[in-house]
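Quick notes on the structure that follows.
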Amino acid sequence: MQNESITFRVQPGGTLRGEARVPGDKSISHRSIMLSALAEGTTRVSGFLEAEDCLATMNAFRAMGVRIEGPEAGRVIIHGVGLRGLKAPQEPLYLGNSGTSMRLLAGLLAGQSFDTVLTGDSSLSRRPMKRVTEPLRAMGAVIATTEAGTAPLRIKGGARLKGIHYDMPVASAQVKSCLLLAGLYAEGETSVREPAPTRDHTERMLAGFSYPLRRDGDLVALRSGDKLVAHDIDVPSDISSAAFFLVGASIAESANVTLQHVGINPTRTGVIDILRLMGADIELVNPREAGGEPVADIRVRSSRLRGIEIPESLVPLAIDEFPALFVAAACAEGETRLSGAAELRVKESDRIQVMAEGLQTLGIDAQPTSDGMLVRGGCLSGGRVESHGDHRIAMAFSIAALRAAGPIEIEDCGNVNTSFPNFVELARGLGLNIVAVDGEVL
Ligand code: S3P
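Here the working numbering is used: the first residue of the sequence shown is 669, the next is one more, and so on.
Structure representation (structure tokens):
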């Protein structure tokens, strides 16, 4: 079955009710493999996201000689090889659609003794990599890219890295994490300052693996020469996957959904803050901690959303949730304005353009701007929209059907498997009238 051939067909109306546990956090799952592979000892991971992106990371480490058992029902056992224990892979490491795999691995591999080549699919091969290759080169890394600065990344082994201080021009957890991982192999201290807070899973997990780290406001720093000590990890559910149901239950009539064991790390909860500003009814039940990360069950009920000006400070804290939030804006009363979000143009697709076009197809006045969008809430019609192979676009338009006047068909949905393989079944279980159709049989 070709990825491109999968179409989602969603019948209009209905509601979402019940309890569900969405799959594990993608960012934490990637990091659980990377850090435990470099650790001394054996790490047991539970709640691991068995989706294409994280499996790409897992396969890369297997190709570098790390013994990994599983995944089986979210459980993975990683036999760490220590910071100097990776072996040269026989072939280029293919990372599919996964920007996190490529950018974090670029840092980690820049300090190895062997050469590596990182490749990806057509979307990943278009995404900007200079944001990591430039600071890595300043540390002494030897990396070749295409003329446009994109993948494949050819990383030369044996470079002597030196710690630098880097003021990040964009708020990016991937860049920050890349440099910290390179810093594990660099002489002296590597420090990174971020222009706005971004997800801090790398820092939390390094601390969980007993690696000394200096955090001082917007600065994080580490020195090489220490070691990572194996540490079991309980991966919470991914708030970025939960987001589709936070929006879906907010816009549907008579909805009442509880999402269990969701990660509510404050660097990830912008979607809750934005929806609450729009008038959403969202309650965090039983907040607790799991493996160094805060989690809670999230209860969400129908509400009348109103348009808002989205505070720019919340943008990095909700960076993956804008496809879903644009749907919320389309269903809200009045105008919603987003600015300061140019990063959305360089995600798995140009999420500003693709969402604006899809919403326009569904009869909504959505005006893209260079760094955001102006959305006037209105009545969604049915229609056929394109996801451009972007998992989050596919899922966002699926939940839009809860408020549409006719069926919505979304093309090219195979990449939902990169982050949320059981999306269709789970959404159906909560009440969304969705089916996935293989194009060949249409
Ligand atoms: C991620 C960071 C974010 C996010 C991506 C995952 C991570 O990217 O969009 O889906 O795991 O570090 P940026 O850091 O580039 O904004």
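Virtual Cβ for every residue (Gly too), placed ideally from N, Cα, C.
Worksheet item: Can you name the start and end residues of the beta strand (DSSP E) that Arg-969 belongs to?
Response: 961-969
Worksheet item: Would the stretch 1082-1089 and the stretch 931-945 be scored as touching if the rule is three or more Cβ pairs under 8 Å?
Response: Between the stretch 1082-1089 and the stretch 931-945 there are fewer than three C-beta pairs closer than 8 Å, too few to call the two in contact.
Fill in: Gly-851 - containing beta strand (DSSP E), residue span
Careful: Gly-851 lies outside any beta strand (DSSP E), inside the alpha helix (DSSP H) at 841-851.
Worksheet item: For Thr-725, which three-state DSSP category applies?
Response: Looking at Thr-725 - three-state DSSP - the assignment turns out to be helix.
Fill in: the ligand ADP site residues, beta-carbon cut 5 Å against heavy atoms
Because the ligand ADP does not appear in the structure shown, any question about it cannot be addressed here, the ligands present being the ligand S3P.
Worksheet item: What residues match up with Ile-1102 in a beta bridge as DSSP calls it?
Response: Val-678
Discussion item. Suppose you measure from the CA of Asn-727 to the CA of Ile-746; what does that come to, to the nearest Å?
Written reply: 12 Å
Worksheet entry | Continuous beta strand (DSSP E) assignments of at least 3 residues falling wholly in the stretch 988-1036 | 1003-1006
Worksheet item: With 16 as the cutoff for other CB atoms within 10 Å, does Lys-755 come out buried or exposed?
Response: Under this definition Lys-755 is an exposed residue.
Practice prompt. Kindly indicate the opening and closing residues of the alpha helix (DSSP H) around Gly-938.
Written response: Going by DSSP, Gly-938 is part of the alpha helix (DSSP H) stretching over 938-945.
Worksheet entry | Contacts around Gly-826, its chain only, beta-carbon distance under 7 Å, and the 5 residues preceding and following it disregarded | By the criterion of a C-beta distance shorter than 7 Å, Gly-826 is surrounded in its chain by Ser-781, once the five residues flanking it on both sides are discounted.
Worksheet item: Thr-818 to Gly-686, Cα distance in whole Å?
Response: 44 Å
Worksheet item: Going by alpha carbons, who is nearest to Lys-694 out of Leu-1098, Phe-1088 and Leu-763?
Response: Phe-1088
Item to complete: Report yes or no: do three or more beta-carbon pairs, one from the stretch 781-790 and one from the stretch 849-859, lie closer than 8 Å?
Response: no
Worksheet entry | Residue environment, Thr-814, which counts as buried when at least 16 other CB atoms sit within 10 Å | exposed
Fill in: Residues that DSSP places opposite Tyr-762 in a beta bridge
Thr-787
Worksheet item: If we call anything under 8 Å between Cβ atoms a contact, is Glu-951 one with Arg-974?
Response: no
Discussion item. Per DSSP, what are the beta-bridge partners of Ala-911 in this structure?
Written reply: According to DSSP, Ala-911 shares a beta bridge with no other residue.
Worksheet item: With 16 other CB atoms within 10 Å as the buried threshold, where does His-869 fall?
Response: buried
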